[in-house]
Amino acid sequence: MRRLDASRARFEAERAEAEREAAAQAQRLQRATAAADEAETRERVLVALVQDVVNKQAARLGRELAESARLEEERLLGQAKARVDTEERRLLAQLENQRKRLQRLRDLADDEAERLRRVQDEGSRGPARKRLRRGD
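Basically the working numbering = 1-based index in the sequence shown + 57.
Shown next, in the form of structure tokens:
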């Protein structure tokens, strides 16, 4: 009976030790699970922060690109406007030269018409008329 009691006592002691180890292992498992959950939460937070930074960076780059495109468009528009203004001034100067030339031609035509009237008037007054008829 003593052996049985001793065996039972050893069994109870081993069982108690196994229960303590199981409880300690369960506690370690709980802590490891909690640590893994915290790490996962931190990872999600970090991923969210990185995504936020990437989104902000992309938005900033988008704004910078839009501003750069706007400035480039303004620059090109300014150059085109300057070329148009230069061409307009050239065409206006050309038009003014043509107008002056036309005015000179009109003045010459008026002078020639006046000269012809005088010649006709002189011819209708006398012997010059007979010469004009004969072809002299």
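Cβ atoms here follow ideal geometry from the backbone N, Cα and C, with glycine treated the same way.
Computed from a predicted structure; not experimentally measured.
C-beta neighbour in chain C for residue i, strict 8 Å
i: residue 181; result: You won't find chain C in this structure, because it holds only one protein chain.
Beta-carbon contacts of residue i that lie in its chain and below 6 Å, excluding the five residues immediately before and after
i: residue 69; result: none
7 Å Cβ shell around residue i - same chain, five flanking residues per side excluded
i: residue 145; result: none
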